[in-house]
Ligand code: 3MF
Ligand code: MG
Ligand code: MG
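In this note's numbering, the protein residues as written are 107 to 447.
Okay, here's the thing in structure tokens:
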């Protein structure tokens, strides 16, 4: 039995860099109703999804609001899967958060993250996610790459020390918003883990689209993390080649690639230790408001269809093709299975 999650930002108004919002917002309570209706149990949160206008509020006010959201989730039978500090929108993180060239800004990023750890505790989750959005450069000469990596390790150490229960899940992404990010792949992520004071508590969250943007195969990236027991969450979605981060519905661009992701998760017991099948999907801008969450429904449906495809896959035939080194035969075997022939 899989449990599913997504973040409230996945129900959105349709703004893009070239045009404004095209749908009226759903408020937080309306979004919670969508979770219930579509059978999602887990919520992925940014600190300011829980406490809007967080930079304008006192610590006491922030914790009070977080407590109220927690009680509402309890009433509805929903759980917070992750909390992530939104370190990329502040005026104080324009040059990066942990890797800003300004020591005051780096200190702000660490304080804001510690506060988000407190929010995570209030929400009842140990999963603390870092998407290192602005930890990179627009131009190579703007930052020192060695110092930058050291700053990230130092920030993680401060967070691990601050709370002995949290575990940090890095969500790697190779570019966007930056031209180049310092932690572009799961390999970089896991290497970083071993530089911290507590490698056991550092792992990864892998997003399909981010792997494709790095020119890598998402199921292999997931397999890599699984081999270290460090795949602690996923953002399933899809991506049509090397362009902006599209966050398309899971399986919508490449069914076979989606099948292979579900297969590596299913065959390695993903979810058995309480991990959620997380989505990070955007609906098309054209979608009318009252059906602007179909991408979530469809992605979940596709995941479950593909679980079925994995379970009914003829592995004995696969074994024979492999033994004969007949990968042309295996290729067709997979395609015909996906086509239901
Ligand atoms: C950007 C992302 C992010 C992260 C989120 C949680 C806004 O490409 O994928 O979504 O998933 O911040 O870490
Ligand atoms: Mg994305
Ligand atoms: Mg994501």
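Yeah, the Cβ is synthetic: ideal placement off N, Cα and C, and Gly gets one too. None of the values given here were measured: they were computed from a predicted structure.
| Query | Result |
| --- | --- |
| Report all residues from its chain with a CB closer than 8 Å to the CB of residue 417; omit the five preceding and five following residues, and keep chain order. | 372 |
| What's the gap between the Cα of residue 121 and the Cα of residue 131? | 11 Å |
| Scan the region 291-376 and note each continuous beta strand (DSSP E) run of 3 residues or more that stays entirely inside, going in chain order. | 308-313 and 337-341 |
| DSSP on residue 427, reduced to helix/strand/coil? | helix |
| Answer yes or no: the CB of residue 351 versus the heavy atoms of ligand 1, is any distance below 7 Å? | yes |
| With a threshold of 7 Å (Cβ to nearest heavy atom), would residue 190 be considered close to ligand 1? | yes |
| Ends of the alpha helix (DSSP H) at residue 148? | Unbroken run through residue 148 is the beta strand (DSSP E), 148-152; no alpha helix (DSSP H). |
| How would you write the range of the beta strand (DSSP E) that residue 233 sits in, first residue to last? | 233-236 |
| Give the single residue among 336, 270, 312 and 335 whose Cα lies nearest to the Cα of residue 325. | 312 |
| Give the DSSP-derived three-state secondary structure of residue 219 in the structure shown. | helix |
| Would the beta-carbon of residue 235 be found less than 7 Å away from any heavy atom of ligand 1? | yes |
| Looking only at C-alpha atoms, which of 352, 391 and 421 sits nearest to residue 125? | 391 |
| By how many angstroms is the C-alpha of residue 185 removed from the C-alpha of residue 254? | 34 Å |
| At a cut of 8 Å, does the region 215-230 reach the region 150-170 through at least three beta carbon pairs? | yes |
| So, residue 289 versus residue 305, is the Cβ gap smaller than 8 Å? | no |
| Which value, in whole angstroms, describes the spacing of the CA atoms of residue 256 and residue 411? | 43 Å |
| Less than 8 Å between the C-beta atoms of residue 187 and residue 148, yes or no? | yes |
| Nearer than 7 Å: is that true of the beta carbon of residue 153 relative to any heavy atom of ligand 3? | no |
| Would you check if the distance between the CB atom of residue 191 and the CB atom of residue 218 is smaller than 8 Å? | yes |
| My output table needs one value for residue 187: the three-state DSSP class, helix, strand or coil. | strand |
| Tell me where the beta strand (DSSP E) around residue 138 begins and ends. | That residue, residue 138, is in no beta strand (DSSP E); its alpha helix (DSSP H) goes 134-144. |
| For a quick check, are the C-beta atoms of residue 376 and residue 337 less than 8 Å apart? | yes |
| To the nearest angstrom, how far is it from the Cα of residue 249 to the Cα of residue 243? | 7 Å |
| Considering only residues of the same chain and omitting the five flanking positions on each side of residue 272, which have a CB-CB separation below 6 Å? | 223, 232 and 234 |
| Do you know offhand how far residue 245's Cα is from residue 287's? | 11 Å |
| With distances taken between CB atoms, is the gap from residue 274 to residue 236 smaller than 8 Å? | yes |
| From 426, 265, 432 and 285, pick the residue whose C-alpha is nearest to that of residue 299; which is it? | 265 |
| For residue 275, which residues does DSSP report across the bridge? | 235 and 309 |
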